[in-house]
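Before any comments, here is the structure.
Number of protein chains: 2
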Amino acid sequence: MKFELQHTDPQTKARVGEITTDHGKIQTPIFMPVGTAGTVKAVQQRELKEDINADIILGNTYHLYLRPGLDTLEKAGGLHKFNGWDRPILTDSGGYQVFSLSGNRKINEEGVIFKSHIDGSKHVFTPENIMDIQRTIGADIIMAFDECTPYPADHRYAKESMERTHRWLKRCTEQFDSTEGKYGYSQTLFPIVQGSTYKDLRKQSAETIASFEREGNAIGGLSVGEPAEDMYEMTDLVTDILPKDKPRYLMGVGTPANILEGIACGVDMFDCVMPTRQARHGQLFTTQGIINIKNKRWEQDLSPIDAELGGYVSTFYSKAYLRHLIRSQELLGAQIASVHNLTFYLWLVRQAREHILAGDFREWKNIMVKKLMQRL
Amino acid sequence: MKFELQHTDPQTKARVGEITTDHGKIQTPIFMPVGTAGTVKAVQQRELKEDINADIILGNTYHLYLRPGLDTLEKAGGLHKFNGWDRPILTDSGGYQVFSLSGNRKINEEGVIFKSHIDGSKHVFTPENIMDIQRTIGADIIMAFDECTPYPADHRYAKESMERTHRWLKRCTEQFDSTEGKYGYSQTLFPIVQGSTYKDLRKQSAETIASFEREGNAIGGLSVGEPAEDMYEMTDLVTDILPKDKPRYLMGVGTPANILEGIACGVDMFDCVMPTRQARHGQLFTTQGIINIKNKRWEQDLSPIDAELGGYVSTFYSKAYLRHLIRSQELLGAQIASVHNLTFYLWLVRQAREHILAGDFREWKNIMVKKLMQRL
């Protein structure tokens, strides 16, 4: 993997860059649609490429490991071949999912023993086997096995959790560096900064993570319930420490406003289930603000979903028709809203990129944060 | 509406023709995808046009009347404008749905009083208001308000039901002929032959329906549980009576084999929820036979869903990937399987058309009926 930092905004810490992987280039800042089980929910691969124009998507190690399973993925030649997505893929480490299985998992220094949510079968994730599993899934960017420290956490727990994440990182890198990709293309490993909302821990974690000198770095454990101001403060603190010549990925973030503020803090990569999950519930992110399409207000509004955004679904279908579909629980409603929201998210980061290059990012961002979060 | 009968098979009663409506031409024999609530479930309008290449789709009067409702549809300028489908649309009369609401409907000579399945509100359908409702929905082809006689029915009930359908037809035609389309294009009314599985009744009904001299005729009350042989026998009997220079529509039919046999009996138009409903349950109709994609057999089958069929979803996605999606209850599974099955159904009727024109329809049909219904 190669990262070229192309421009830095003089007024904020926003950056423009380009990541090169064996599956193609990613122009940053970028938003990565989440494809949990090897599919971005309700979106055809063709739509993801041609309509949304995603540079990279995510897969979830926990889900893919359980189903379709490593045998099938390896037989296919990796996830790209299995699902037909030939651009870059990033996989999370599964840590977030298994830690969330409260009652169905046991943590010790070695790793996590957990029960499958599908059939109750027992499995173990360790830093080492998670590297092997992600090697087999075949993502271009693979994530270290960490604990996403829950919020709130007291300082003592946050510190212990962070320190285990750091110890596990060492094991991850040793395993990763002593193995090779299975399908003839390169993979790279991103470590993850933790430390909850404690400045001293975030600083310590960022320094530790930076010292591993990997090709990119991630910031985890944010957007988990803390106030947005805390998220921005921690991100800002961490990006002051992480190396400038490597991409920074703020995990699980977020709303359009969160993403713009994250970019201002010097973040290059984002992912979140929000655009697709909210789409299925009828919440639309548009160039004019947020729409709850179920509202009576849209019942006879025959105007396009978002004429300014452009693209097939956003200009072809009307608000009234989409409202009808979502209220009638028609699958097409989820499809249209998902493609629309993702098109909007990709538009947003590309607009940010242009404004950073044009030198007016800060003014634009301050206007957009207000505009995009208003409820229409 | 205009119907041109272009060719009749010398060995069977199969026909090739072309229907011209103000929303475009329909080449027959044709299969019409069902778009109950103004959407063919899980299929984008663009896919319906460009991938499946449907000439005409159905809408359900009962569903559309309740939701989005006539106000919204009229404000939009009819269903074509509301859902963006600019090719022909046929609406059923709602009779089938309201008669199925057993316990929540009362039938008398005037019409049917029923309760909405959505909110329990009371409504009345009569032959007259059903014409008005379909005028407002704006379908190109609208159906008479009939009773789809349930199966089995004794001769006495079947006769009474048929006679009421005939009396209601007179009221339908009077109302239809004394009103006009609301949106500047022509609409036409198809009456429906009933008579259960009784030859005398079917003959009588076909003669009565033919005597109304409408632009097309439908055969209802079949594919409701009777043996396939009875369906073919009744269809064959009815098409001997219905005028040759008008299209015949066999309602709610059916499997690929049913459709081929129906074509052999001289039917021109078909509709059925089967391809989309079965798709959502993982049953695929392919050029090689029927696939239950959930079967373990397909777990690691990385071959395309149906290479011979062609088209985006059927060649881009593998059986193993589709199996994974359907088992994981991912929306994309329903989407891919629905587009695939409808592509297959449209391929099937177009193949039939070519073989009728080529003069080898009967041989081809006899081979295909066996091939297409085998379980792989």
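As they're listed, the protein sequences go chains D and R.
Residues in the first sequence are numbered from 1 upward in steps of one, following the UniProt record's numbering.
Residues in the second sequence are numbered from 1 upward in steps of one, following the UniProt record's numbering.
Backbone N, C-alpha and C fix where the C-beta goes; we use that ideal spot for every residue, glycine too.
None of these values were measured; they are calculated from a predicted model.
query, result
"Is the beta carbon of D271/D closer than 7 Å to that of L58/D?", "yes"
"Per DSSP, what are the beta-bridge partners of I26/D in this structure?", "I19/D"
"Can you have a look at G120/D and say buried or exposed, based on whether 16 or more other CB atoms are within 10 angstroms of its CB?", "exposed"
"Does any residue of chain R have a CB that is nearer than 7 Å to the CB of L66/D?", "no"
"Kindly indicate which three-state DSSP category M32/R falls into: helix, strand or coil?", "strand"
"Could you name the residues that DSSP lists as bridge partners for D271/R?", "M32/R"
"Is any beta-carbon of chain R found at less than 7 Å from that of H324/D?", "yes"
"Locate the beta strand (DSSP E) running through G59/R, then write down its first and last residues.", "57-59"
"Whole angstroms are fine: how far does the CA of L189/D sit from the CA of residue 377/D?", "Summary: the structure shown does not reach residue 377/D, with chain D confined to residues 1 through 376, and so no result is reported for it."
"Quick one: Cα of G77/R to Cα of R350/D, how far?", "37 Å"
"Of the residues that make up the segment 277-297 of chain D, which ones have a beta carbon closer than 8 Å to any beta carbon in chain R?", "none"
"Using the rule of at least 16 other Cβ atoms within 10 Å of the residue's Cβ for burial, across every protein chain shown, is E147/R buried or exposed?", "buried"
"Using three-state DSSP, classify F316/R as helix, strand or coil.", "helix"
"By alpha-carbon positions, which one of S303/R, V273/R, G184/R, H324/R ends up nearest to N295/R?", "H324/R"
"CB L79/D to CB I137/D, shorter than 7 Å?", "yes"
"Closer than 7 Å, Cβ to Cβ, to anything on chain D: give me those residues from the segment 59-85 of chain R, in chain order.", "R67, P68, T72, K75, A76, F82, N83, G84"
"Need the endpoints of the beta strand (DSSP E) that F145/D sits in, please.", "No beta strand (DSSP E) holds F145/D; DSSP gives it neither H nor E."
"Can you have a look at E128/D and say buried or exposed, based on whether 16 or more other CB atoms are within 10 angstroms of its CB?", "buried"
"Is DSSP giving residue 431/D helix, strand or coil here?", "No answer is possible for residue 431/D: the residues shown for chain D start at 1 and end at 376."
"Mind listing which residues of the segment 306-324 of chain D have their C-beta closer than 7 Å to chain R's C-betas, in chain order?", "Y312, F316, Y317, A320, Y321, H324"
"How do the segment 246-257 of chain R and the segment 325-339 of chain R stand: do at least 3 beta-carbon pairs fall below 8 Å, yes or no?", "no"
"Does the count of Cβ pairs from the segment 37-55 of chain D and the segment 112-119 of chain D closer than 8 Å reach three?", "no"
"Give a yes or no on whether the minimum CB-CB distance between K41/D and chain R is below 7 Å.", "yes"
"Indicate the three-state DSSP secondary structure (helix, strand or coil) for Q97/D in the structure shown.", "helix"
"Please state whether the Cβ-Cβ distance between T8/D and G17/D is less than 7 Å.", "no"
"Taking C-beta to C-beta, are R15/D and G266/D nearer than 7 Å?", "yes"
"Give me the subset of the segment 121-133 of chain D whose CB atoms are less than 8 Å from a CB atom of chain R, sorted by chain position.", "none"
"For Q175/R, return the contacting residues in chain D, with the cut-off set at a CB-CB distance below 7 Å.", "Under the 7 Å cutoff, chain D gives no residues; its nearest Cβ is about 27 Å from Q175/R."
"By the criterion of Cβ-Cβ separation under 7 Å, what are the contact partners of Q351/D in chain R?", "The premise fails here: Q351/D is roughly 26 Å from chain R at the closest Cβ pair, so nothing lies under 7 Å."
"With a cut-off of 7 Å, does the C-beta of L201/D fall near any C-beta of chain R?", "no"
"Determine the closest residue to R297/R out of G310/R, L322/R, G311/R, with distance taken between C-alpha atoms.", "L322/R"
"In chain R, which residues lie with their C-beta within 8 Å of the C-beta of E299/D?", "P68, T72"
"Identify the continuous alpha helix (DSSP H) that holds Q6/D and give its terminal residues.", "Note, Q6/D: premise wrong, no alpha helix (DSSP H); beta strand (DSSP E) at 2-8."
"Less than 7 Å between the beta carbons of M131/D and F176/D, yes or no?", "yes"
"Are the beta-carbon atoms of A334/R and L331/D separated by less than 7 Å?", "yes"
"Going straight from the alpha carbon of V34/R to that of K170/D, what length do you get?", "57 Å"
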